[in-house]
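Asker: In this note's numbering, the protein residues as written are 31 to 638.
Yeah, the Cβ is synthetic: ideal placement off N, Cα and C, and Gly gets one too.
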């Protein structure tokens, strides 16, 4: 009854209040939708799974006297990241909200979609928001997910030309009239169940994120959290759900055509979604209370101080490709709190002038501040464009910012610890290349690295910042201009020494000599080095040309029986062997290829 009274009251107000004030009414409607979704849904308990081992934690953290208490678990292993999601989907009682950048039409993507449909059939409200950049031959799956059940809704963030997959010609037309809007994407990753339990971090929905890639497997990081902070995540999600540029997938032109012309009944079959040899034991484990208890619940951290940071839809009001946002400002503020050491893990390390200026200020304030950064080598990265710009900036990183950089080997010695499902040479997963619902930004071709390892390997995708062993930032924010200025991002800030030290320990293992190469200055003949470095500095400033072949940095291997030392230590060359700028890549022609890629220069830097 209260709901109907409120509805009538708001209707009358819309007639009386000036149109300029209708934004407030929109917010009220938004709150009512949330109220209806979370509080009033009736669930057929006969269709629900048994009580979850997470339930006692939910009851404890939402007790009136425990409103600051949270439990959390860091999801460093892809298989655990998938099993936890499936378990939570199966045990949802009222609502599931998912926000993501990529949803692939591969085994993992279809499996999660299948489980969500089963939840919808139980009466659970399922809402999904996915960014739209390019649809790779999977309009059928998108169309099916958008119409599979009344309880399941799929929305697309900022679709270009009112389509999931516009033609290249239409896309060029869109770029010509609204370049900023086309490039501004939603990079948020949120998974919420019943407004009580959530997962946020770096993972999308694709085999590679869950240790099921035939070749590439992402070294990623999420955090599973139980407690009141989840309400902030729900509030963030609902802002995007109500955003004017977030559109129902079923209303898009090409999706409507697919619904009209294509028979989608095949997607109703279980066999279309569950691939036994790929999902394996996880299908049963996700409903095994003992497995869930021992793997997650018994190992969770009790944390009191958390903050959830998120950008508003649209990122900022800037008309150009620059302009800070809530997440960027919060990250800068977070980094400014460091006193001794900042440990960073990021797939892409490309800094624009504003972020370089910020780091220089930190350096000026604290000359002894230590930066340790874990990122991808050329042989491991999934983005040759981002690596090209990072390579171009390495002299700045080492000489001006004094970054200690460690680039992941494609097959680290500790790969089995990073990915327990790893089996060398066996391609049990992803029989064919996945077809993504939405992919990373690139106009005419995939942002693929042709020099990336062709064997089963790891690629860093985690985005984490650890400060002084006391606090940690885990989220979707890459250390690059796109996250700084264009893409909307989210992060969970955890102020807890135990969690911070656990994340730091994991990153330091990735940086260890057996797992990563150390980046250092090339040992050069004094006269020649002065000449080449000077010319290198000159051409590096040119926005469209950067073909100078002599480089300031190289990759180094630790010598046997030697201890690790920083690249600026006088004994560095006694401890390390120079293995070249691009180890495990091989052919010199490939070095030429990456140099040529840098001819795109400064013009494209804000888009990386």
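1. Which first and last residues belong to the beta strand (DSSP E) in which residue 100 is found?
2. Quick check: residue 271 and residue 157, are their CB atoms within less than 8 Å of each other?
3. What is the rounded straight-line gap between the Cα of residue 72 and the Cα of residue 151?
4. For residue 600, count neighbouring C-beta atoms within 10 Å of its own C-beta (all shown protein chains included) and say buried if the count is 16 or more, exposed if not.
5. Report yes or no: do the region 196-211 and the region 246-261 share at least 3 C-beta pairs separated by less than 8 Å?
6. Along the chain, where does the alpha helix (DSSP H) containing residue 322 start, and where does it finish?
7. Measure the alpha-carbon distance for residue 144 versus residue 319 and round it to whole angstroms.
8. Starting from residue 211, follow the alpha helix (DSSP H) in both directions and report where the run begins and ends.
9. Which residue comes first and which comes last in the alpha helix (DSSP H) that contains residue 120?
10. Would a C-beta distance cut-off of 8 Å place residue 361 and residue 522 closer than the cut-off?
11. Once the 5 residues before and after residue 357 are set aside, which same chain residues still bring their CB inside 8 Å of it?
12. Could you give the DSSP three-state label for residue 508: helix, strand or coil?
13. Taking the straight line between their C-alpha atoms, what separation do you get for residue 313 and residue 241?
14. I need the DSSP call for residue 350, collapsed to helix, strand or coil.
15. Work out the CA separation of residue 614 and residue 197 for me, nearest whole Å.
16. From the DSSP output, read off the bridge partner residues of residue 129.
17. Mapping the DSSP letters down to three states, classify residue 383 as helix, strand or coil.
18. When every heavy atom of the ligand FAD is checked, does at least one fall within less than 7 Å of the C-beta of residue 137?
19. For residue 374 and residue 503, what's the separation of their Cα atoms in angstroms?
20. Leaving aside the five residues before and after residue 77 along the sequence, list all residues of the same chain whose C-beta is less than 8 Å from its C-beta, in chain order.
21. Express the C-alpha separation of residue 400 and residue 452 in angstroms, rounding to a whole number.
22. Taking buried to mean at least 16 other C-beta atoms within 10 Å of its own C-beta, is residue 511 buried or exposed?
23. Within a Cβ cutoff of 7 Å, which residues of the same chain sit near residue 273, ignoring the five residues on either side of it in sequence?
24. For residue 352, which option in 515, 286, 177 and 419 has the closest C-alpha, if you only look at C-alpha atoms?
25. Tell me whether the beta-carbon of residue 229 lies closer than 8 Å to the beta-carbon of residue 115.
26. Pull up the distance between the alpha-carbon of residue 216 and that of residue 139, whole angstroms please.
27. Hey, could you find the ends of the alpha helix (DSSP H) residue 141 is sitting in?
28. Check whether the Cβ atoms of residue 546 and residue 392 lie closer than 8 Å to each other.
29. According to DSSP, simplified to helix, strand and coil, what is residue 639?
30. What residue does the beta strand (DSSP E) around residue 540 start on, and which one ends it?
31. Around the Cβ of residue 162, are there at least 16 other Cβ atoms within 10 angstroms (buried) or fewer (exposed)?
32. Out of curiosity, what's the CA-to-CA distance linking residue 428 and residue 434?
33. Applying the 10 Å Cβ sphere with the 16-neighbour rule, what's the burial state of residue 450?
34. When you compare each of 371, 405 and 87 to residue 540 by their alpha carbons, which one comes out closest?
35. What would DSSP say about residue 268, mapped onto helix, strand or coil?
36. To the nearest angstrom, report how far apart residue 642 and residue 436 are at their CA atoms.
Answerer: The structure says:
1. 100-105
2. yes
3. Model confidence at residue 72 stands at a pLDDT of 40, short of 50, so the residue's coordinates are unreliable; what they give is reported in the following sentence. So the alpha carbons of these two residues sit roughly 12 Å apart.
4. exposed
5. no
6. 319-325
7. 21 Å
8. 209-213
9. 108-120
10. no
11. 339, 340, 341, 505, 507, 513, 518, 519, 520 and 521
12. coil
13. 15 Å
14. coil
15. 37 Å
16. 159 and 220
17. helix
18. The ligand FAD is not among the ligands present in this structure, which contains no ligands whatsoever.
19. 9 Å
20. Here residue 77 scores only 46 on pLDDT, less than 50, and its place in the model is too uncertain to base an answer on.
21. 33 Å
22. buried
23. 343
24. 515
25. yes
26. 19 Å
27. 137-151
28. no
29. Residue 639 is absent from the structure shown; the chain starts at 31 and stops at 638.
30. Unbroken run through residue 540 is the alpha helix (DSSP H), 527-541; no beta strand (DSSP E).
31. buried
32. 7 Å
33. exposed
34. 405
35. helix
36. Because the chain spans 31 through 638 in this model, residue 642 falls outside it and cannot be assessed.
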